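Take a look at the structure set out below.
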């Protein structure tokens, strides 16, 4: 069983090596773990730092967007023979300690796609992450309501960048967006009848950091 950990990155030279270093070297029921970093046209030494830290690096010549970076990483994971894939952000917001939690439903045959849930605590109660702006929290909740209504099942968070995919989900996922991929993945896989599960995950927001995906809720 081979696991690919995909890390899309845009100008993350300061954090990428440390993030790679925190990824698990071995996991139960997993024979091989490889880390793939997609350098999405970074303006710094992200690719160099990632390679030095031991990752396989695929680079875009210019910044194409996290949706395009995800698709490039998905193609590389399949090329490398992945049986499972986890994608996680490059800034250290998510805890790699949650990776075994994310892949377990897939290993147990209970899900094809597992997405992190930032808005439900591990005791099941709703929560707003510390340092997440009120406007961004509201925008995420509205998007979750929209996507939940379309697919006919309630999800508290459809925009989280920490996810796990089975081989079946990887092969059947068909995305068109360059800007992002998160909500589209729910729509595509739900429409194809694949089993989707969300799980509470730990996250830390950095109050001084501006989003690399969207600088404003309007955008």
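Residue numbers (this note's numbering): 50 to 268.
From the three backbone atoms N, C-alpha and C, an ideal C-beta is built for every residue, glycine too.
Fair warning: this is a prediction, and the values are worked out from it, not measured in the lab.
In whole angstroms, what is the alpha-carbon distance linking residue i and residue j?
i           : j           : result
residue 70  : residue 135 : 16 Å
residue 169 : residue 51  : 30 Å
residue 102 : residue 248 : 29 Å
residue 78  : residue 232 : 30 Å
residue 195 : residue 240 : 15 Å
residue 111 : residue 185 : 27 Å
residue 225 : residue 61  : 25 Å
residue 96  : residue 144 : 22 Å
residue 156 : residue 80  : 13 Å
residue 205 : residue 245 : 13 Å
residue 124 : residue 175 : 35 Å
residue 181 : residue 138 : 16 Å
residue 146 : residue 250 : 10 Å
residue 316 : residue 106 : Examination of residue 316 is not possible in this model, given that the chain is present from 50 through 268 alone.
residue 222 : residue 100 : 28 Å
Please identify the residue among the options whose C-alpha is closest to the C-alpha of residue i.
i           : options            : result
residue 133 : 66, 68, 230, 122   : 122
residue 150 : 142, 160, 141      : 160
residue 67  : 225, 140, 124, 126 : 140
residue 190 : 199, 177, 201      : 177
residue 98  : 129, 182, 63       : 63
residue 59  : 82, 100, 108       : 108
residue 219 : 126, 106, 104, 93  : 126
residue 65  : 193, 80, 75, 84    : 84
residue 183 : 158, 222, 254      : 254
residue 214 : 203, 207, 234      : 234
residue 209 : 201, 82, 162       : 162
With DSSP as the reference, identify every bridge partner of residue i, one or two as the case may be.
i           : result
residue 165 : 248
residue 85  : 55, 105
residue 9   : Residue 9 lies beyond the stretch modelled for the chain, which goes from 50 to 268, so this question has no answer here.
residue 134 : 53, 214
residue 79  : 76
residue 175 : 169
Can you round the beta-carbon distance between residue i and residue j to whole angstroms, since I take them to be within the 8 Å contact cut?
i           : j           : result
residue 148 : residue 73  : 6 Å
residue 236 : residue 217 : That pair is no contact at about 17 Å.
residue 165 : residue 211 : 4 Å
residue 53  : residue 104 : The Cβ separation is near 11 Å, so there is no contact.
Any C-beta of chain D sitting closer than 8 Å to the C-beta of residue i?
i           : result
residue 178 : The structure shown contains no chain D, having only a single protein chain.
task: Evaluate contact between the region 114-130 and the region 73-91, counting only Cβ atoms and requiring at least three cross-stretch pairs below 8 Å.
output: Contact check between the region 114-130 and the region 73-91: three or more CB pairs, one atom from each, fall below 8 Å, which counts as touching.
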